[in-house]
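Written below as structure tokens is the structure these notes are about.
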Amino acid sequence: MMNYDLIVIGSGPGGYVAAIRASQLGMKTGVVEKAELGGICLNWGCIPTKALLKSAQVFNYVKHIKDYGILMDGEAKPDLGKMVERSRAVEEGMSKGVQYLFKKNKIDHISGTGRLEDHQTVAVTDKEGKVTKITTTHIILATGARSKELPNLKQDGKKIIGYREAMVLKKQPGSMIVVGSGAIGSEFAHFYNSIGTKVTLVEFLPNIVPLEDEEVSKQLERSFKKAGMEVMTSSMVESVDTSGKLCQVSIKTPKGIEKREAEIVLSAVGITSNLEDIGLEKLKIALDNGKVKVDEFYSTNVKGIYAIGDIVGGPALAHVASAEGITCVEKIAGKNPETVT
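Oh and the sequence shown: position 157 is 257 in the working numbering, straight run, nothing missing.
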């Protein structure tokens, strides 16, 4: 039996930042993580995606290199494999950075899947199925989120994919339909369109990047269209037939049903919180609209258990999760932190 002042379940930007702050404040801290340290953001989200976008930016510069007064023999060609390789190297470096921070701050990384046993006990199951029980005074849930699946757009990992597969495709597709134009969908649509894939972007709402200002949405749509992308707003994918070589996609538009075909369909319709099988029901932790219900300092209705990041209400953003983690820990430590607004 291991004993801690604080156990954090999940090592994303909320979890690992909370753990570091707790250690700085003198708490004996452990972090339970079943995958790579750094969570989705560092390993499968914000960071490696930006590395791919950087490759797309450089490729676009090279394509127009003569406009900058530079002469180059031959035609520039994208190498998706090398771009992915660079992106994964950036990710690996970031994850190793979190490992270093854990070591520097004397934080224990407990590898496995964490589940609440009671308000002061976490059961951790490792890859071999061995269960270790850990006692602690406080527990922060920071389990993050995953790609949302629609009933009519089930991901098979081959023809209908999510963001993870899109980040590590071995072969550049000739054509792709991206469903959903939020941050994830728009980034991948831009990346693949930039390197020569024929991209169609489908958005259910009237404007792409619908959470942004309308002026931003309209300008981005103009930029995408100018770059050769097809943008379909106020539209939704009704069905995808993957039985043939290409995906046959039926799209409901204001003009009626339109057909498109593509090698790959990327589902980027949002995220869903990772709340399953972590013991919420057992402890009767309150939920609100699919999120853990917390107060202004991230306490749940169960004493000693807190929640931050993508599993609580508010923007699903890395820096927000980090701020929530710091606020939560400082409140636990008896400080007087400001609330995150």
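For each residue, glycine too, the CB sits at the ideal point set by N, CA and C. Since this is a predicted model, take the numbers as computed values, not measurements.
Distance between residue j and residue i (C-alpha atoms, nearest Å)
| i | j | result |
| --- | --- | --- |
| residue 350 | residue 305 | 17 Å |
| residue 212 | residue 117 | 19 Å |
| residue 139 | residue 416 | 13 Å |
| residue 224 | residue 232 | 5 Å |
| residue 297 | residue 334 | 23 Å |
| residue 360 | residue 108 | 46 Å |
| residue 348 | residue 424 | 43 Å |
| residue 196 | residue 190 | 10 Å |
| residue 404 | residue 355 | 55 Å |
| residue 188 | residue 104 | 33 Å |
| residue 307 | residue 323 | 14 Å |
| residue 180 | residue 161 | 17 Å |
| residue 431 | residue 342 | 52 Å |
| residue 228 | residue 135 | 14 Å |
| residue 319 | residue 220 | 51 Å |
| residue 198 | residue 358 | 47 Å |
| residue 122 | residue 369 | 35 Å |
| residue 269 | residue 157 | 19 Å |
| residue 182 | residue 144 | 17 Å |
| residue 230 | residue 129 | 21 Å |
| residue 194 | residue 204 | 15 Å |
| residue 376 | residue 436 | 33 Å |
| residue 321 | residue 389 | 32 Å |
| residue 414 | residue 127 | 27 Å |
| residue 150 | residue 406 | 31 Å |
| residue 226 | residue 192 | 22 Å |
| residue 200 | residue 274 | 41 Å |
| residue 100 | residue 344 | No answer is possible for residue 100: it lies beyond the span of the chain, which begins at 101 and ends at 441. |
| residue 174 | residue 410 | 47 Å |
Contact check, residue i vs residue j, beta carbons under 8 Å
| i | j | result |
| --- | --- | --- |
| residue 408 | residue 242 | yes |
| residue 259 | residue 365 | yes |
| residue 387 | residue 363 | no |
| residue 291 | residue 152 | yes |
| residue 255 | residue 262 | yes |
| residue 412 | residue 394 | yes |
| residue 295 | residue 159 | yes |
| residue 367 | residue 252 | no |
| residue 111 | residue 133 | yes |
| residue 299 | residue 293 | yes |
| residue 288 | residue 279 | no |
| residue 418 | residue 178 | no |
| residue 166 | residue 176 | no |
| residue 332 | residue 234 | no |
| residue 373 | residue 391 | yes |
Cβ-Cβ separation, residue j to residue i (assumed contact under 8 Å), whole Å
| i | j | result |
| --- | --- | --- |
| residue 148 | residue 276 | Rounded, the Cβ-Cβ distance is 18 Å, inconsistent with contact. |
| residue 433 | residue 125 | 4 Å |
| residue 222 | residue 239 | 6 Å |
| residue 265 | residue 257 | 6 Å |
| residue 427 | residue 439 | 7 Å |
| residue 137 | residue 236 | With a Cβ gap of about 19 Å, residue 137 and residue 236 do not count as contacting. |
| residue 316 | residue 209 | Rounded, the Cβ-Cβ distance is 40 Å, inconsistent with contact. |
| residue 378 | residue 247 | Not really, about 18 Å apart at Cβ, beyond 8 Å. |
Every unbroken beta strand (DSSP E) within the segment 125-196, with a cutoff of 3 residues, ordered by chain: 129-133
Do the segment 315-331 and the segment 388-407 meet, that is, are 3 or more Cβ pairs less than 8 Å apart? no
Is the segment 373-392 in contact with the segment 212-224, if contact means three or more CB pairs nearer than 8 Å? yes
Taking only runs that begin and end inside the segment 384-438, name each unbroken alpha helix (DSSP H) of 4 or more residues, in chain order. 418-432
Three or more C-beta pairs under 8 Å: does that hold for the segment 280-298 against the segment 310-320? yes
Count the C-beta pairs between the segment 169-178 and the segment 104-119 that are closer than 8 Å, then say yes if the count reaches three, no if not. no
Can you list the beta strand (DSSP E) stretches of 3 or more residues lying completely in the segment 188-252, in chain order? 208-211, 213-218, 221-225, 231-241, 245-247
At what residue ranges does the segment 290-372 contain a whole run of the beta strand (DSSP E), taking only runs of 3 or more? 298-302, 330-332, 336-341, 347-353, 356-362, 364-367
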